[in-house]
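Protein chains: 2
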Amino acid sequence: LPAARFEAIQARIDAKTKPLGALGALEELAQRLVALAELRGVTTAERLAAPRMLVFAADHGIASEGVSITSSAVTRQMVGNFLAGGASVNVFCRQVGMALEVVDCGILAALPASEGLVERRLGDGTQALHQAAAMTREQALLGLDNGRRLALERAERGMDLLGVGEMGIGNTTAAAALMAALTGFSVDACVGRGTGVDLGTLLRKKQLVIRALALHQGPAGGDPLELAARLGGFEIVTMAGALIGAAESAVPVLLDGFVSCVAALLACALVPAVRDYLLFAHCSSEKGHALLLEWLEAKPLMQLGLRIGEGAGGALALPLLRAALSFYDQMASFEEAGVKV
Amino acid sequence: LPAARFEAIQARIDAKTKPLGALGALEELAQRLVALAELRGVTTAERLAAPRMLVFAADHGIASEGVSITSSAVTRQMVGNFLAGGASVNVFCRQVGMALEVVDCGILAALPASEGLVERRLGDGTQALHQAAAMTREQALLGLDNGRRLALERAERGMDLLGVGEMGIGNTTAAAALMAALTGFSVDACVGRGTGVDLGTLLRKKQLVIRALALHQGPAGGDPLELAARLGGFEIVTMAGALIGAAESAVPVLLDGFVSCVAALLACALVPAVRDYLLFAHCSSEKGHALLLEWLEAKPLMQLGLRIGEGAGGALALPLLRAALSFYDQMASFEEAGVKV
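Going down the list, the sequences are from chains A and B.
For the first sequence, this note's numbering assigns the number 1 to the initial residue and increments by one for each residue that follows.
For the second sequence, this note's numbering assigns the number 1001 to the initial residue and increments by one for each residue that follows.
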C-alpha cells in the first residue's frame, strides 16, 4: 500500500475525539486492518464479516515418551469434541460469529468424513524427534502446500480474517524444539509445562529437546524447512503454510498461543513478508510464549493466563479487532463533534 | 454465598474438556459472575443481559493551572459528544450492547436536560486542591449518596453489570493526589501524563500534588472521606458511591482506567466488602494505574495501552465476561464429550 494511504488512515485516526494515540493497540489494529482491506479492495462492510478459524490437528511420536498430562488418544477425542461443538474454541467462535473448520493434518487414526472436518493427512503422526526426523522434507513441503492452498481457497471465497489454532498431544515439545532451533534461545527458555505437567516431566521434556537438537541441528545446517521437518509437527508445517497463503491474499491472521506462534516463526523464517499480516491475540502462560512474542516484535492484545491452544485465545480477541474498525468507522471527529482542544 | 456453592461452581469448571486451570482469568471471571448471579437469584439468561455503563463527568478547579493538554471547556463538549453518540465509549458500548448514561456530577456549566443525561450536580466544578479543599465534606457525602442511589435504582430495574467511566479535564491530577493519600505511594509513582502532557507540565502537576498533600493530609488525619473531599472530584466520589450501591445489590462492577480505579480505591477504603464485586478490564498506560491495580490485588484482563477513560476499556472487556459465562454454560464436560484423560 502506498505510504500516502497509510498517512491518510493515520490522519483519520488522529482526527477522532480522543487524545492522540489514546486508543493504544486499537489504533495499530485499525491501521493494519484498514490497510489490508484496502489492499484487498473490499468495501467497509466486508471487513471482518467472514472471519474463519482453522484448527490444525496432528499427533506426535514424542508423546509416547510421556511429555504431556495425557496420551495421543486424546488428540482424536478432542477433534471429535470440536466437530460436536463442545470445546472452548467452539463456544468462543459461536459467540463472536467465527466459522470453524478442523484440519486433520495427521492424527494417529483418521476420523470418518464429517461436516467441518478437512482431511489433509501427512501421515499417522510424526516420528519421535529425539530419535529420528519427525517427518521427511517431502512431508513438510506437502504440509506447507496444503496449508497455503487451504488459505488461498478460503480467501477466494471471501474469508476476511484467518484465525488459527491447533490440537496435538505432545506439540508443545515439538514447538519448543523448533523455536530453540530457529531463534537460538536456550532449551530452558523455550520448554514449558504445556497443559500443566509436573516438574519431573518438565525436566524429561527438556532432556528430550536437548537430544533432538543435538541429533538434528548439525544435519539441518540452519535451513528452516529442514529444521521444521526434523523437529516440527504436521499441524505446525500446515499452519505455517496457511499463514503464507493468507498473507498472499492480504488476509490478516489472528494468532493464538505458543504453538501457533511457533508456526508463525516458521512462516516468517520461510517468507519474511508474512510478518506484516500477523495479529497476536494474547500471551499465554506457556513459558516460551512471551519470549517468542518479543522475538517477533509482537505486542499481544491480552494476557489472560490461558494455556489451552485450539484457537480459543484468537476467538476471544476478535471483538477487539471489530472494536478497532468500529472506532475508525463510527467515532466522531473533533470537527463533527464540535470539540475544540 | 456458602462455600459449598463456590466448590460446586469450581467443580463444574474443572469438569470441562480442558486442562485444569487452562482458561486462566476466564475461570476466575466465571466463578465470580456465576456466584454473584446466584446471590441475586437470577436465571442463567439474566446474567449480563442488561449491562449498563455510567459515565461520571465533572470539572476540576486544578485544571486552570494547566495540568492537561486542554481546558475545562472540553469536559462539557465531550459530554455533548457522549450524548450525541460520537465518542469511543459510545461506539464500544453499541458494539457490545451496553446501555449508556452520562451523570453530570458537576461540570462547569449545566447542560439542557436530554435523553441519557442524569443530573446529580454537586456544584460548578471543584476548588483547586492545591489551594483549598476540592469540596466540602457535605458535598462528598452527597456525592456518595447520589452514586449509591443511582446504582441501587438501576439494579432494582434489572441492571446486571455496572460499567463505570469518567470525563473531567484535570481529573488525573485529583485522582493521583487521592491515590497517594490513600495508599502512601509516592507522588512520583502516582502522577502520570494523563491525556499526554509534556514533561514540563508533568513536573508542574507533581508539584501541585505535593502542595495539595501538604495542605490536606494533616487536617484529614487519614480519614478516607475527608481525603476524598479535600483531594477528589465530584465524579470520583459519585462513582465511588455507585460502586458501593452495586455491591449492595450483588451486581458486579467493571472498572476502566486510572480514575475509575481510584474511585474503587476510595470505595474499598470506605466499605472494604466492595472489593469482592470489582472486575478490572485493563491496565492503561497512565503511570499510577499498574501500581494501583497491584495495591487492589487486581489482575486486569487486557493491556491495550489505552489512556482515554470514559469507560471505553470496560466496554471493550465485556465480551470476555460473556465468554466466561459461555464456556461455563456451554462447554462439554469430559463425560459429555467422551474424552478420557
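Backbone N, C-alpha and C define an ideal beta-carbon position, used for all residues, glycine too.
Predicted model only: the values in this text are computed from it and were never measured.
Closest residue to B/Ala-1151 among B/Ala-1110, B/Asn-1090, B/Met-1239, B/Leu-1178 (Cα-Cα distance): Looking at the Cα atoms, B/Met-1239 is the closest of the given residues.
Give the DSSP bridge partners of A/Ser-333, in chain order. Its beta-bridge partners are A/Lys-16.
Establish whether the CB of A/Arg-12 and some CB of chain B are separated by less than 9 Å. no
C-alpha distance - B/Gln-1131 paired with B/Ala-1212, whole-angstrom precision: 7 Å
What do you reckon, are the CB atoms on B/Ala-1035 and B/Leu-1083 nearer than 9 Å? no
Straight-line CA distance for A/Arg-12 to A/Leu-254? 24 Å
Would you give the residue range spanned by the beta strand (DSSP E) that A/Pro-344 belongs to? Residue 344 of chain A lies beyond the residue range present for chain A, which begins at 1 and ends at 341; the question has no answer from this structure.
Residue burial classification, A/Lys-340 (beta-carbon count within 10 angstroms, cutoff 16): exposed
What do you reckon, are the CB atoms on A/Val-91 and A/Gly-168 nearer than 9 Å? Their beta carbons are not under 9 Å apart, which means A/Val-91 does not touch A/Gly-168 by this criterion.
Expressed to the nearest angstrom, what Euclidean distance is found between the alpha-carbon atoms of B/Leu-1306 and A/Leu-304? In this structure, the CA atom of B/Leu-1306 is about 17 Å from the CA atom of A/Leu-304.
Mapping DSSP to helix, strand and coil, what is A/Gly-222? Note: A/Gly-222 maps to coil in three-state DSSP.
Can you have a look at B/Ser-1114 and say buried or exposed, based on whether 16 or more other CB atoms are within 10 angstroms of its CB? exposed
DSSP beta-bridge partners of B/Ala-1099: B/Arg-1052
Suppose you measure from the CA of B/Ala-1214 to the CA of B/Lys-1299; what does that come to, to the nearest Å? 32 Å
In chain order, what residues of the same chain have a beta carbon less than 7 Å from the beta carbon of B/Ile-1009, not counting five sequence neighbours either side? Gln-1031, Val-1034, Ala-1035
Can you find a CB in chain B that lies within less than 9 Å of the CB of A/Ala-4? no
Per DSSP, what are the beta-bridge partners of A/Phe-82 in this structure? Paired residue(s): none; A/Phe-82 is not in a bridge.
Counting Cβ pairs closer than 8 Å, one from the segment 1140-1156 of chain B and one from the segment 1192-1211 of chain B, do we hit at least three? no
Which partner residues does A/Leu-255 have in the DSSP bridge list? A/Phe-280
Identify the contact partners of B/Ala-1337 in chain A, using a Cβ-Cβ distance below 9 Å as the criterion. Gln-77, Met-78, Gly-80, Asn-81, Ala-84, Gly-86, Ala-87
Compare the C-beta of A/Pro-51 against all C-beta atoms of chain B and say whether one is closer than 9 Å. Answer no: the Cβ-Cβ gap between A/Pro-51 and chain B never drops below 9 Å.
Taking CB distances under 9 Å as the criterion, tell me whether B/Ile-1308 reaches chain A. yes
Under 8 Å: do the segment 13-24 of chain A and the segment 325-338 of chain A share three or more Cβ pairs, one atom per stretch? yes
Contact set between B/Phe-1327 and chain A, taken where Cβ atoms lie within less than 8 Å: Ser-88, Val-91, Phe-92
Taking Cβ positions only, does A/Leu-111 come closer than 9 Å to chain B? Closer than 9 Å to the CB of A/Leu-111 there is not a single CB belonging to chain B.
Contact with chain A by B/Thr-1070, beta-carbon distance below 9 Å: yes
Which full runs of the beta strand (DSSP E) of 3+ residues lie inside the segment 1167-1208 of chain B, going along the chain? If only uninterrupted beta strand (DSSP E) runs of at least 3 residues are considered, none is enclosed by the segment 1167-1208 of chain B.
Residues of its chain near B/Val-1118, where Cβ-Cβ distance is below 6 Å and the 5 sequence neighbours each way are ignored: Only Glu-1101, Val-1103 meet the Cβ criterion.
Nearest candidate by alpha-carbon position, reference B/Arg-1137, set B/Ala-1220, B/Leu-1202, B/Tyr-1277: It is B/Ala-1220 whose Cα lies nearest to the Cα of B/Arg-1137.
Partners in chain B for A/Gly-367, counting only beta-carbon separations shorter than 7 Å: Outside the modelled stretch of chain A, which goes from 1 to 341, sits residue 367 of chain A, for which no answer is possible.
Residues in its own chain within less than 6 Å of B/Lys-1206 by CB, not counting five upstream and five downstream? Val-1187, Val-1191
Cβ-Cβ distance between A/Ala-134 and A/Ala-73 below 9 Å: no
I'd like the list of long-range same chain contacts for B/Ile-1062, defined as Cβ closer than 6 Å, with 5 residues on each side in sequence excluded. Ala-1128, Leu-1129, Gly-1170, Thr-1173
If I follow the unbroken beta strand (DSSP E) through B/Val-1118, where does it start and stop? 1117-1119
Compile a chain-ordered list of the residues in the segment 1179-1190 of chain B whose CB is closer than 8 Å to at least one CB of chain A. none
Looking only at DSSP bridge pairs, what is A/Met-302 linked to? Bridge partners of A/Met-302: A/His-282, B/Met-1302.
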